[in-house]
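Enquirer: Numbered according to my numbering, the sequence shown spans residues 1277 to 1409. Note that CB positions come from ideal geometry on N, CA and C, so glycine has one too. Sharing a structure, written as structure tokens. Questions coming.
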Amino acid sequence: MREIKFREWDAQRGTISYGEREDFDDMIGFRFEHTENVDGDLSKERVLEQYTGLRDKNDREIYEGDIVKLHVVILSPDDKIGYIEYRPEFGYCINFGKSIARQEYWAANDKHTIEVIGNIHENPELLEKTGVE
1277 MREIKFREWD
1287 AQRGTISYGE
1297 REDFDDMIGF
1307 RFEHTENVDG
1317 DLSKERVLEQ
1327 YTGLRDKNDR
1337 EIYEGDIVKL
1347 HVVILSPDDK
1357 IGYIEYRPEF
1367 GYCINFGKSI
1377 ARQEYWAAND
1387 KHTIEVIGNI
1397 HENPELLEKT
1407 GVE
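Written as structure tokens, this is what we have:
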């Protein structure tokens, strides 16, 4: 069974929390304590991202919003850089901009290696170089 974990990006503070401020809720099992910003809009200030249940080649946990480098051992001379996102129809995917790699492709194949190299909040410049938005 997959371990259920979350992290929260706080844009106002520029920090990521991995559950230090968690408490449990009967409906979803987990939530962070939120304080509203001046406009009362949390969506621009705080982003909740879920752990995929997978680890990269360095044994680092992979979360939604992580920027990853995918290396395909066969037939691909260059590493691809994209970010992890959840799509209801496919599960966790790597978004490369014009294409995606579904979880069944990158997570269960021993011909690939994946490495977390940053996240979309703290390292957006890693995606700008590749043309991923």
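Taking Trp-1382 as the reference, give the member of Leu-1346, Arg-1289 and Ile-1280 with the closest Cα.
Expert: Comparing Cα-Cα distances from Trp-1382 to each of Leu-1346, Arg-1289 and Ile-1280, the minimum goes to Leu-1346.
Enquirer: Just curious, the alpha helix (DSSP H) that Asn-1337 is in, first and last residue?
Expert: Sequence check: residue 1337 is Glu here, not Asn. Where Glu-1337 is concerned, there is no enclosing alpha helix (DSSP H), although the beta strand (DSSP E) it sits in stretches over 1337 to 1339.
Enquirer: Checking contacts by CB at 8 Å: is Glu-1365 closer than that to chain B?
Expert: Absent from the structure is chain B; it holds one protein chain and no more.
Enquirer: From what residue to what residue does the beta strand (DSSP E) around Tyr-1368 run?
Expert: Residues 1367 to 1371.
Enquirer: Measure the alpha-carbon distance for Phe-1372 versus Gly-1358 and round it to whole angstroms.
Expert: Straight-line Cα distance between these residues: approximately 5 Å.
Enquirer: Buried or exposed, going by whether 16 or more other CB atoms sit within 10 Å of the CB of Asn-1334?
Expert: Label assigned to Asn-1334: exposed.
Enquirer: Applying the 10 Å Cβ sphere with the 16-neighbour rule, what's the burial state of Thr-1328?
Expert: Label assigned to Thr-1328: buried.
Enquirer: When you compare the CB positions of Arg-1378 and Gly-1394, do they come within less than 8 Å of one another, or not?
Expert: Contact flag unset, no.
Enquirer: What residue range is occupied by the uninterrupted beta strand (DSSP E) comprising Glu-1391?
Expert: Note, Glu-1391: beta strand (DSSP E), 1388 to 1395.
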